[in-house]
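Down below is the structure, laid out as structure tokens.
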Amino acid sequence: MKKFGLIPVLILAVMVSSCAKSKDQDIKKAIVQKGSIKTAITTVGEVVPRNRLEIKPPIGGRVEQVLVKEGNNVAKGQTIAWMSSSDRATLIDAARAKGADELKYWEEVYRPAPVIAPLSGFIIKRSVEPGQSVTVSDAIIVMADKLIVKAQVDETDIGKISDGQKVILTLDAYPNKEINGTVEHIAYESETINNVNIYEVDVIPSQVPSFFKSGMSASAKFILSDNSSALLLPSDAIKKFKGASYVLSESKDGKINASQVETGTDDGTNTEIISGLSEGDTVIIPDAKLSKQYFSSNRRGGPPSMFGGNKK
1246 MKKFGLIPVL ILAVMVSSCA KSKDQDIKKA IVQKGSIKTA ITTVGEVVPR
1296 NRLEIKPPIG GRVEQVLVKE GNNVAKGQTI AWMSSSDRAT LIDAARAKGA
1346 DELKYWEEVY RPAPVIAPLS GFIIKRSVEP GQSVTVSDAI IVMADKLIVK
1396 AQVDETDIGK ISDGQKVILT LDAYPNKEIN GTVEHIAYES ETINNVNIYE
1446 VDVIPSQVPS FFKSGMSASA KFILSDNSSA LLLPSDAIKK FKGASYVLSE
1496 SKDGKINASQ VETGTDDGTN TEIISGLSEG DTVIIPDAKL SKQYFSSNRR
1546 GGPPSMFGGN KK
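Below is the structure:
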């Protein structure tokens, strides 16, 4: 079973990196830019009918006609098949042996029974062909009103899921095609799968694509945060020091200083800057040497900026 939890959602790259020549080395830099950042819980699921209905014949006998095939849309009350009772099938066969006129007469006198669609939806399974004999307990056609994704959410994450929440769906068979959806229902009872408590969450696609098939494996990304106008920096430009976040910048005279920033969402690639920097500001992406020099855990006191900075 796949591991569930908070993981990054792939977003459009928004960072522009450049190299600025220093006296003794190349320094990688990044510019603070506006962009989109998202975080999500990603989990597995399966495409299933929201309402699955097996249609059984009103009488036992022989199937005369099947008027639908798998994938067809049908309306409530539409005739989808014709049935002959066992008596009618016997009578029609006898009339057919006596000629076309006798057959036409009895077909008019003794009409077949219709099989009616009880709801509007589409056909997901056709189990019979004309000429087959069936009983009233045989499901000859299976219908569904709409295909949805039933996602499995770990109990540690279920508190982050709510009705109406935005979800991005992908199918294992079509990994490059994303389908927008929303949470319709969250199960009130869990199931234990591989010793983990799992809740089923129904996700309704905003529009069901033609390639959706019942039983397909799916991935569901439950969007937790989505900021389309965030100030962003590459995550590796931000360093933690004694519980706070810092970035390095280089002045015109070559001094490198550390300044504190307040950060928000981190999707694993980019980090949201809430305060401490402005759009267009340039910061250094420190290599191992700079990181050790400015943010070593053995350093006493605050970052170098608090002491006037160092010159390269």
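Quick note: the sequence shown uses our numbering, first residue 1246, plus one each step.
Ideal Cβ positions, reconstructed from N, Cα and C, are used throughout, including at glycine.
DSSP beta-bridge partners for Asn1318?
Translated into positions along the sequence shown, residue 1318 becomes position 73. Phe1367, per the DSSP bridge assignment.
Unbroken stretches of the alpha helix (DSSP H), 4 residues or longer, contained in the segment 1272-1323:
none
Cβ-based neighbour list, Val1492, same chain, cut-off 8 Å, excluding 5 preceding and 5 following
Locating residue 1492 in the sequence shown gives position 247, counting from the first residue. Counting only Cβ-Cβ distances below 8 Å, and skipping sequence neighbours, we find Leu1478, Ala1482, Ile1483, Lys1484, Ala1503, Ser1504, Val1506, Gly1521, Leu1522, Val1528 and Ile1529.
Coarse secondary structure for Gln1209, derived from DSSP in three states
With the chain represented from 1246 up to 1557, any question about residue 1209 goes unanswered, as that position is not in the structure.
How many angstroms separate the CA atom of Ile1459 from the CA atom of Asn1318?
Stepping through the sequence shown from its first residue, residue 1459 is reached at position 214. Stepping through the sequence shown from its first residue, residue 1318 is reached at position 73. This sequence places Ser at residue 1459; Ile is not what is there. Using only the alpha carbons, I get a separation of about 15 Å.
Quick one: what's Trp1351 bridged to in DSSP?
Stepping through the sequence shown from its first residue, residue 1351 is reached at position 106. DSSP, once it has assigned bridges, lists no residue as partnering Trp1351.
Run through the DSSP bridge pairs and tell me what Phe1457 is partnered with.
On the sequence shown, residue 1457 is found 212 positions in, with the first residue counted as 1. For Phe1457, which the question treats as bridged, DSSP gives no partner whatsoever.
Who are the Cβ neighbours of Asp1408 in its own chain at under 6 Å, not counting the five residues just before and after it?
Your numbering for residue 1408 matches position 163 in the sequence shown. Excluding sequence neighbours, Asp1408 sits near Val1428.
Which runs of the beta strand (DSSP E) at least 3 residues long sit entirely within the segment 1417-1456? Give them in chain order.
1419-1431, 1436-1438 and 1441-1450
Quick one: what's Ser1490 bridged to in DSSP?
The sequence position of residue 1490 within the sequence shown is 245, counting from 1. Per DSSP, Lys1485 and Val1506.
Compute the Euclidean distance between the alpha carbons of Ser1541 and Val1453, then round it to the nearest angstrom.
In the sequence shown, counting from the first residue as 1, residue 1541 sits at position 296. In the sequence shown, counting from the first residue as 1, residue 1453 sits at position 208. Cα to Cα, Ser1541 sits roughly 53 Å from Val1453.
Look up Ile1337 in the DSSP assignment and say whether it is helix, strand or coil.
Here residue 1337 is taken as the residue at index 92 of the sequence shown, counted from 1. Ile1337 falls in the helix class under three-state DSSP.
Starting from the C-beta of Asp1471, find all residues in its chain whose C-beta is less than 6 Å away, skip the five residues before and the five after it, and write them out in chain order.
For the purposes of this step, residue 1471 is identified with residue 226 of the sequence shown, where counting begins at 1. Cβ neighbours of Asp1471 beyond the five flanking positions: Lys1283.
So, under 8 Å CB-CB, Ile1424 and Leu1414 are touching, yes? Tell me the CB distance rounded to an integer number of Å.
The count along the sequence shown starts at 1 and reaches residue 1424 at position 179. The count along the sequence shown starts at 1 and reaches residue 1414 at position 169. About 4 Å; that satisfies the 8 Å criterion.
Three-way DSSP call (helix, strand, coil) for Lys1391 in this model:
Residue 1391 sits at position 146 when you count from the first residue of the sequence shown. Lys1391 falls in the coil class under three-state DSSP.
According to DSSP, simplified to helix, strand and coil, what is Ala1384?
If you number the sequence shown from 1, residue 1384 lands on position 139. Ala1384 falls in the coil class under three-state DSSP.
Throw me the rounded Cβ distance for the Asp1447 and Ile1519 pair, which I believe falls under 8 Å.
As a working mapping, residue 1447 is identified with position 202 in the sequence shown. As a working mapping, residue 1519 is identified with position 274 in the sequence shown. Rounded, the Cβ-Cβ distance is 35 Å, inconsistent with contact.
Would you report the Cα separation of Ile1325 and Pro1357, rounded to the nearest angstrom?
What you label residue 1325 is simply residue 80 of the sequence shown in a count that begins at 1. What you label residue 1357 is simply residue 112 of the sequence shown in a count that begins at 1. So the alpha carbons of these two residues sit roughly 13 Å apart.
Proximity winner among Ser1464, Ala1489, Phe1456 and His1430, relative to Tyr1444 (alpha-carbon distances)
Taking the first residue of the sequence shown as 1, we reach residue 1444 at position 199. Selected option, being the one with the closest Cα: His1430.
Grouping DSSP H, G and I as helix and E and B as strand, with all else coil, what is Ala1362?
In the sequence shown, residue 1362 corresponds to position 117, counting from 1. The answer is coil: DSSP assigns Ala1362 none of H, G, I, E or B.
Just confirm the distance between the C-beta atoms of Ala1340 and Trp1327, as a whole number of angstroms; I'd bet it's less than 8 Å.
Within the sequence shown, residue 1340 is the residue found at index 95, counting from 1. Within the sequence shown, residue 1327 is the residue found at index 82, counting from 1. Not confirmed; about 17 Å, so no contact.
What does DSSP give as the partner residues of Glu1374 in its beta bridges?
On the sequence shown, position 129 is the one that residue 1374 refers to. None; Glu1374 has no bridge partner.
Within the continuous beta strand (DSSP E) that includes Ser1570, where are the two ends?
Nothing about residue 1570 can be reported from this structure: the residues present for the chain run from 1246 to 1557 only.
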